[in-house]
Structures are given as C-alpha cells and as structure tokens.
Amino acid sequence: MFRGINVINLDPKGRIAIPTRYRPILVEKFGNRVVVTIDTEQRCLLLYPYSEWEAIEKKVANLSSFHPMTRRIQRLLIGHATELNLDSHGRILLPPLLRDYANIDKRVVMIGQSNKFEMWSEEKWEKSREVWLAQEPVKENELPEELRTISL
C-alpha cells in the first residue's frame, strides 16, 4: 500500500529516486518492475508496480473498442505505458515524452494512492491542490453511492 506525499528532485538525466521506504516493496514483491503511464484526465503520471499494472491493462484492453470513450482511454493509457526497472540506486528513468506530458522538469511530487503513485510537477500539484481545497463540500445526495457508506 502506497500512501503519503514525497517531493523528489529529477536529476539532469531525467531520473527520479523512488523514496527509500517504498523500495523494499517494489524490489521484493514486484521484482523492480514498474509501469509509468499518463493520467487521461489530469496532467500527471501514474506509476504502478508491474503486476498491478497487468491487471489494469487486462481490464482496459478487454473493453469494447467500439465506444469512443473506451477507445480513447485504451489509446492513451495503454499507448503511453512504459515498463521501467529500478536501477541499483532505486531510480527510474522517466522518458522525455512522459515528462513533457506532465510538465515535469525539476521537482516531482509523488502521491501514494494505495496501489499506485501519481507523479506531478511540483508547480502543477500546488495549483491543483489549492483548487481542490477551495471547492465547496459536496452534498451527501451528490456523492456516488460507494462513498456514502464511508465514514472518515
């Protein structure tokens, strides 16, 4: 389970070091293999352990390609998926195409999202977070059914 926020520097070669506390899980449980792809709704990247990605990719690939929305998601999500391996220092090399999509150039904000990480440019994360925090609370009757049963 991945949780929390980490701010990481991108090195001149385009590598980021995965936070130390997550490396043992990625190495022992997932064999150093991750997949990075784009988020189709926000200008950020999604980083999945390889086996987590395989399950998602299978579900997305099995959707009907006749519907324009599912075809869009298949093209973008699977099309941008890039398999990466952690090096001996726990780093991954983010391809330029993915860095450009998320406007990542110096500092990366990694946000744990249970089975994956979101990776944002620090500037884009700060702006988006401020917008989300400023939004009016959603009324209970506007919540999706699955959220109505959760108590925080």
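The opening position of the sequence shown corresponds to residue 262 in the numbering used here, with each subsequent residue numbered one higher. We put the CB at the ideal spot given by N, CA and C, even for glycine.
Rounded to the nearest angstrom, the gap between the Cα atoms of F263 and P329 is 32 Å. When the five nearest sequence neighbours on each side are left out, the beta carbons in the same chain lying within less than 7 Å of the beta carbon of T331 are those of L324, S325, in order along the chain. Secondary structure at V392: helix, using DSSP grouped into helix, strand and coil. Considering only G265, R284, N270, the residue with the shortest C-alpha distance to K367 is N270. Per DSSP, reduced to three states, the secondary structure at E383 is helical. In the DSSP secondary-structure assignment, N346 is bridged to R294. Look at P405 here: in three-state DSSP terms it is coil, with no helix or strand label.
Cβ-Cβ distances below 7 Å link L308 to V295, V297, K377, F378, M380 in the same chain, with the five nearest sequence neighbours on each side left out; the list follows chain order. Secondary structure at A322: helix, using DSSP grouped into helix, strand and coil.
By the 16-neighbour rule on beta-carbons within 10 angstroms, A395 is exposed. About 16 Å separates the beta carbon of L306 from that of L347, a gap too long to meet the 8 Å contact definition.
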